[in-house]
Each structure stands twice: as structure tokens, then as C-alpha cells.
Amino acid sequence: MRVCATTGLPVCLNAELFIKLNAVFGVVSLLIGAVAAILLALTRWEAVGLLKPIGYYQVITLHGLNMLIFWILFMEMAILYFCSTTLLNSRNFSNALSWGQFLLMLIGFGMVNYSVLAERALVTMTSYVPLEAGQEFYLGLILFAVGALLGVVNFFGGLYIAKRDKTYKGAIPLVVFGALAAAIIAVFTIVHGAIVLIPTWLWSIGVLENPPDAAWYRLIWWGLGHCSQQINVCAMVAVWYFLATLTTGAKPLNQTVCRFAFLMYILFINLASAHHLLVDPAVGAGWKMWNTSYALYLAVLASMIHGFTVPASVEAAQRKKGIGGLFGWLTRAPWKDPGFAAFFLSLVIFGFGGGITGVTLGTHQINIIAHNTLRIPGHFHVTVAGGTSLAFMGLAYYVVPLIFRKEYALKKLVRLQPYVFGFGICLMAIGMTLAGSLGVPRRHPDIDFTDARIAVDMGQAAPFLAMLGIGGVIAATGALMFVLLTVWAVFFGKSNKGRAMESWQTPEQDRITKSLITTKWDPNEKGLKPKGTVVLTFIFLASFAVYYFANWKALIDVWPVR
268 MRVCATTGLP VCLNAELFIK LNAVFGVVSL LIGAVAAILL ALTRWEAVGL LKPIGYYQVI
328 TLHGLNMLIF WILFMEMAIL YFCSTTLLNS RNFSNALSWG QFLLMLIGFG MVNYSVLAER
388 ALVTMTSYVP LEAGQEFYLG LILFAVGALL GVVNFFGGLY IAKRDKTYKG AIPLVVFGAL
448 AAAIIAVFTI VHGAIVLIPT WLWSIGVLEN PPDAAWYRLI WWGLGHCSQQ INVCAMVAVW
508 YFLATLTTGA KPLNQTVCRF AFLMYILFIN LASAHHLLVD PAVGAGWKMW NTSYALYLAV
568 LASMIHGFTV PASVEAAQRK KGIGGLFGWL TRAPWKDPGF AAFFLSLVIF GFGGGITGVT
628 LGTHQINIIA HNTLRIPGHF HVTVAGGTSL AFMGLAYYVV PLIFRKEYAL KKLVRLQPYV
688 FGFGICLMAI GMTLAGSLGV PRRHPDIDFT DARIAVDMGQ AAPFLAMLGI GGVIAATGAL
748 MFVLLTVWAV FFGKSNKGRA MESWQTPEQD RITKSLITTK WDPNEKGLKP KGTVVLTFIF
808 LASFAVYYFA NWKALIDVWP VR
């Protein structure tokens, strides 16, 4: 064990090693995914049309797996190690499990990427049967999933020994509770992956004569595919709370309500995968309607709770510092701190972009006409990329100085990076959404269907596809900035061993924030009411209503037969 010179928190040296290993390969995955993203953006931008169809499907498979699976899950493993040791003042549960977790995930990562780059897996991330990939593709995914499961088991073991050894008082911290919610959803998700991928692998090596039933495969696969993104939501929200405290000294307004919201994620958010199955005959209409209405609304309520409590806790902390006015807490926030900037931009992009579009597109009738268009990628890029990835980038700006004990160079570029990435993601997602509203398909690289007997003219979508292409290149540039700056810091950065990290904030901001972190104070005391957050909430609800009902108006427009 060592004591962090900046936070005073204990750091288990064994856990520290696995935090580093998982974080490094998370960044490697992000690098691969970002390079692929540039190629995809320049392909979907019809004026450029960089890749031919075969190359497009190869690159989109590479991009999806590295961004949605490898980058995110490697980082989440690092978060689980941090939460079960440092935040609980405990040790790593099992080094054997930890090595098993890392090595299996690393081998799986290598096998899958080899399969895609060798053109043996051009099946996209969903890999629907009877499309067939090389056997190493399925085996790699299975090994990666088993490794992740070992990491989750190790996390549960860490919670057990911390409770047994009484290393903390009262309930586990809220951030750890969020990680626990993510881990519980992960078990559900990984089991689905095993159920669907093992028979598919057996088919690929000839043990089974026929592939799994296509309808069954889709049903079970989305218990893996969509639910894996709900792990991201829980982990992302936990990171929000952590960075809110670290960058502003914030404390949650009501721990019970926040924990209840995480519980609602566990109970309801996995059901959101139903929107991928709305035209499948394998499930009934009643099941589809329930999951795209009541169950969806309960999951959304959880996000709306966090969407209020996180900025409200920041506002209370800022008011505790003596900052007044309706939005003074926001204008005088530490925007030059890349950890804060990434976290708050993640919150706004996920809430206004992902939340509003997610509820709307998850509605049964609207989804029917939107699902196979670019509107869906527009939605999940502002949730997974603009939300989760940006939050994880903000976390890295503290993990590298605190865990790797290396300082970032080129701090002006570091401070700029969250804005470059966030702007690019928003521009790209808006372009996708507008192009999708005109019917541009999501999976086909040549939307004009060149040489088709019946001509298809998608010329109206050209400006929006240009937005997609330009935004995608900007976002990928922001991601590459993060990768290069982080790699340089880890391998060549100035060491801060034995002393506190260099603060991202001014000395005065840093002093006041640390005093709030280390002292007891009540965020609900008189004079700290989150008036500004309440106003922002009503702006959000108004935006939500306008977008939601505009989509119903668009749906009505397709009724007449002309």
C-alpha cells in the first residue's frame, strides 16, 4: 500500500498495477477505433466516399468492437479495481483472478482484431447469423467476456473483504455503489454473450452442422449488445459523481435518492434492448409495447434523477464557495480543468443529446420508421462517445497523475481536447440525425445504390452527410489528441512521485475545492439551493417536449397515401 500525496487516499500496489494495465490497453483500443472512425466518416460523407463496400464493412466492424467493447470495458475494469480498493481503503481480492482477467481480455482483444484486419470477420459488431466469421473471432469475444467476468468476480470479492475487515464505516460510497450496479448488469450481459456466442463458435469450427436460429440469435445477442452499453451508463454516472467531487468539492444532495436511481438501472434499463427487436416475429406485440413504454420510462427516470442531482451538487458546492447569481456557479466553474470540462460536457451531451433522442427513438411507433436510418447512430454516438468516452477521458486526466504519477505536458492542448472531441461528436451526431430524418440508411455505405436499376436520389441529404464527415474527423482528431497526450504523459511525462500532482486549477480554486472535500458540510443547508439547476431542468424538459412531439408530427405526415 502507498498513500496518495494529493488525495491522502490509500492505493493498493497490486490493484494499481492492474489499473495501469487495463487503462493502457483501453487507450490502445481507442487509438484503433479513432483511426477507423476517420475512414468511416470520410466514407459516409458521400462527396468523398473513401472506402469500397468490403472495406467499409471491415472498418465498421473494427470501429464498433474497439470503441463499444474494448475501450469501454478495459477502462471499466480499471474503475472496478480503483473502487474496490482505494475508495474502500482495502486490498485487491485476488491477484490470480486479476491476471486471469487481464490476460484473457488481452488475448480476446488480439484475436478479434486479427480476425477483422485479416478480412475474416466482415460481419459488423452484431455478427448476425447466418453471416459467418472466422472461428477466432467468436472465440476471441468469448475469452474477452470471460476475462471481464473474472474482473467482476474479483470486484465482488473486494467488496466482501472490505466489509469483512471493516475498512470503511456505514454504507459503501456512492461511486462504489454505481460501480456495483454496473458490475451486476455486467453479469447479466456476459451470461447472454456466453449463451449466444458459444454455439455460434461451435458452428464455426464444424461441431454444429447448422448455425443458431437467426431469430433466437438476435433476441439473445441484444441481451449482450445493448445491455453492455447500460454498464457504460452506470460507470459513466459513477465517474460523474467522482469528478464532481474531485474538481469542485461537490457532495450528492441525497444519497438515498441517488442509490435508488442506480437500483432502477439494474431493474429496468436492460429492457431498452427491445427497440432492436420491434419487427421480429419471435417476440409478441405486448412484450414490445411494455418494454418501449413503461419499462423504458422507469429507466429514463433514473437518468433524469442523476441528471438533476449531479449538476445540483456542483451548484451547491460552488455556492458554498460564495459564488452567487442564478448561473454564476456555472460561468465561474473550473472550465480550464480538463477533468471538469470533460465531465460536464459529457453530462450535457448525454442528457440533451442522448437522453432526449433515446426516449424518442425508443418509442415503438417512432422507432419503426427511424431504426434503420442514421438517426440511431446519431443517438448512440452522443451517449457512448459524447457521454461515456468523454467522461472516461476526464477521469484519465486525474488517473495518470494520481495512479501513474506522471504529469501531462502541453497542458494547453490537454485543456482544449475535451472541447474538440465534444464539438466533433455533436456536429457529427446532428448530421446523422438530420440525414436519418431524410431516410438515409445506417448500414449501407453507398446510399445512392450506384448502378441500381431504379435510381435513388439522396441529394437532399448531402449537406447533412458533410456535417457527419466533418464532425467525425474533428471528433476522431479529439480522440487522437487524447491518446497522444496520454501516451506521452505515461511514458515520457515528468514524475510526481512523493509530491502532490500539479493542479489543473488556479491555486485559489484548488485550495477552496480541497477544503470542501476534506471538511463536513451539508449541501442542503440554507443559501445553497440549486436554483440554476432547476431552471436548466425546465429548459431540458421543454426541449424534450418539442423534439418528442415534433417526431409524432413527422409520423403523422407519413399516414396519407399520395
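Take any residue in the sequence shown, count from 1 to its spot, add 267: that is its number in our numbering.
We put the CB at the ideal spot given by N, CA and C, even for glycine.
Checklist entry - Buried or exposed: which applies to Tyr508, given that a residue is buried once 16 or more other Cβ atoms fall within 10 Å of its Cβ? => result Buried, since its Cβ has 16 or more Cβ neighbours within 10 Å.
Next on the checklist: What does the alpha-carbon distance come out to for the pair Ala400 and Val666?
Outcome noted: Ala400 and Val666: Cα-Cα distance of roughly 37 Å.
Next on the checklist: Our contact map puts Pro668 next to Asn763 with C-beta atoms below 8 Å; I'd like the distance itself, whole angstroms only.
Outcome noted: Approximately 6 Å separates the beta-carbon atoms of Pro668 and Asn763; this is inside 8 Å, confirming the contact.
Next on the checklist: Taking the alpha-carbon of Trp755 as reference, which of Gly322, Leu306, Val681, Ile336 has the nearest alpha-carbon?
Outcome noted: The option with the nearest alpha carbon to Trp755 is Val681.
Item to check | Among Gly275, Leu280, Thr274, the one whose alpha carbon lies nearest that of Met268 | outcome: Closest in alpha carbon position to Met268, among Gly275, Leu280, Thr274, is Leu280.
Item to check | Cβ distance (whole Å) where Gln772 is taken to contact Pro601 below 8 Å | outcome: About 5 Å; that satisfies the 8 Å criterion.
Item to check | For Phe671 and Phe807, believed in contact at Cβ under 8 Å, the rounded distance | outcome: Approximately 37 Å separates the beta-carbon atoms of Phe807 and Phe671; this is outside 8 Å, ruling out the contact.
Item to check | Endpoints, the alpha helix (DSSP H) within which Thr627 is located | outcome: In this chain, the alpha helix (DSSP H) harbouring Thr627 covers 623–628.
Next on the checklist: For the structure I just gave you, are there three or more beta carbon pairs, one from the region 362–380 and one from the region 463–482, closer than 8 Å?
Outcome noted: They do not touch, by the three-pair rule.
Checklist entry - Is the Cβ of Leu530 closer than 8 Å to any Cβ of chain D? => result No chain D appears in this structure, which consists of one protein chain only.
Item to check | Cβ-based neighbour list, Val291, same chain, cut-off 8 Å, excluding 5 preceding and 5 following | outcome: The residues are Val757.
Next on the checklist: In whole angstroms, give me the CA-to-CA distance for Leu752 and Lys436.
Outcome noted: Roughly 38 Å between the two C-alpha positions.
Checklist entry - How many Å lie between Glu582 and Ala517 at the Cα? => result Near 8 Å, if we compare the C-alpha coordinates of Ala517 and Glu582.
Checklist entry - Under 8 Å, do Cys525 and Leu441 count as touching if we go by C-beta distance? => result Contact: yes.
Checklist entry - Can Ile346 and Ile452 be called in contact, C-beta distance under 8 Å? => result Here Ile346 is not near Ile452, since their CB atoms are 8 Å or more apart.
Checklist entry - What is the C-beta distance between Gly460 and Leu410, in whole angstroms, given that I count them as a contact (C-beta under 8 Å)? => result Going by Cβ atoms, the distance from Gly460 to Leu410 rounds to 11 Å, so no, they are not a contact pair.
Checklist entry - Any idea what DSSP makes of Pro708, helix, strand or coil? => result Residue state, collapsed to three classes: strand.
Checklist entry - By a C-beta neighbour count over all protein chains shown, 10 Å radius and 16 as the cutoff for buried, is Gln727 buried or exposed? => result By the neighbour-count rule (16 or more Cβ atoms within 10 Å), Gln727 is not buried but exposed.
Checklist entry - CB-CB under 7 Å to Pro777, same chain, minus the five flanking residues each way: which ones, in chain order? => result The residue you asked about is not Pro; residue 777 is Asp in the sequence shown. Non-local beta-carbon contacts of Asp777 in its own chain, meaning distances under 7 Å to residues more than five positions away in sequence, involve Ser770 in chain order.
Item to check | Three-state class that DSSP yields for Lys673 in the structure shown | outcome: It is a strand residue.
Checklist entry - Expressed to the nearest angstrom, what Euclidean distance is found between the alpha-carbon atoms of Ile487 and Ile536? => result A direct Cα-to-Cα measurement between Ile487 and Ile536 gives close to 16 Å.
Next on the checklist: So if DSSP puts Pro277 in a beta bridge, which residue, or which two residues, is it bridged to?
Outcome noted: In the DSSP output, where bridge partners are listed per residue, Pro277 has Val270.
Checklist entry - By Cβ distance below 8 Å, which residues in the same chain neighbour Ile643 in space, the five residues on each side in sequence not counted? => result Cβ neighbours of Ile643 beyond the five flanking positions: Leu628, Ala637, Gly703, Arg709.
Item to check | Whole-Å CB distance - Thr512 paired with Asp604, under 8 Å assumed | outcome: Actually they do not touch by this definition, with Cβ atoms about 13 Å apart.
Next on the checklist: Tell me which residues share the same chain as Ile286 and place their Cβ nearer than 8 Å to its Cβ, disregarding the 5 neighbours each side in the sequence.
Outcome noted: So the qualifying residues of the chain are Ala345, Tyr348, Phe349, Val666, Ile670.
Checklist entry - Hey, how far is the Cα of Gln325 from the Cα of Leu317? => result Across the structure, Gln325 and Leu317 are spaced so that their CA atoms are roughly 13 Å apart.
Item to check | Beta-carbon proximity list for Thr273, same chain, < 7 Å, skipping 5 on both sides | outcome: The answer, listed in chain order, is Leu669, Ala767, Met768.
Checklist entry - How many Å lie between Met378 and Glu386 at the Cα? => result Going by C-alpha positions, Met378 is about 13 Å away from Glu386.
Item to check | Proximal residues to Trp788 (C-beta, below 8 Å), its chain only, five neighbours per side dropped | outcome: Here the set comprises Lys518, Lys587.
Next on the checklist: Buried or exposed for Gln497, going by 16 or more other Cβ atoms inside 10 Å?
Outcome noted: Buried, since its Cβ has 16 or more Cβ neighbours within 10 Å.
Next on the checklist: Give me, in chain order, the residues of the same chain whose beta-carbon lies closer than 6 Å to that of Asn362; leave out the 5 immediate sequence neighbours on both sides.
Outcome noted: The residues are Asn281.
Next on the checklist: Measuring straight from C-alpha to C-alpha, what distance separates Phe688 and Leu735?
Outcome noted: Each residue's Cα considered, the two are about 14 Å apart.
Checklist entry - Mapping DSSP to helix, strand and coil, what is Thr434? => result If DSSP states are grouped into helix, strand and coil, Thr434 belongs with coil.
Checklist entry - By Cβ distance below 8 Å, which residues in the same chain neighbour Val740 in space, the five residues on each side in sequence not counted? => result Taken in chain order, the residues that qualify are Ile305, Ala308, Leu309, Gly691.
Checklist entry - Taking the continuous alpha helix (DSSP H) assigned at Trp596, which residues delimit it? => result Run containing Trp596: 595–598, per the alpha helix (DSSP H) assignment.
Checklist entry - How long is the line joining the alpha carbons of Ile428 and Phe360, rounded to whole angstroms? => result Cα-Cα distance, rounded: 7 Å.
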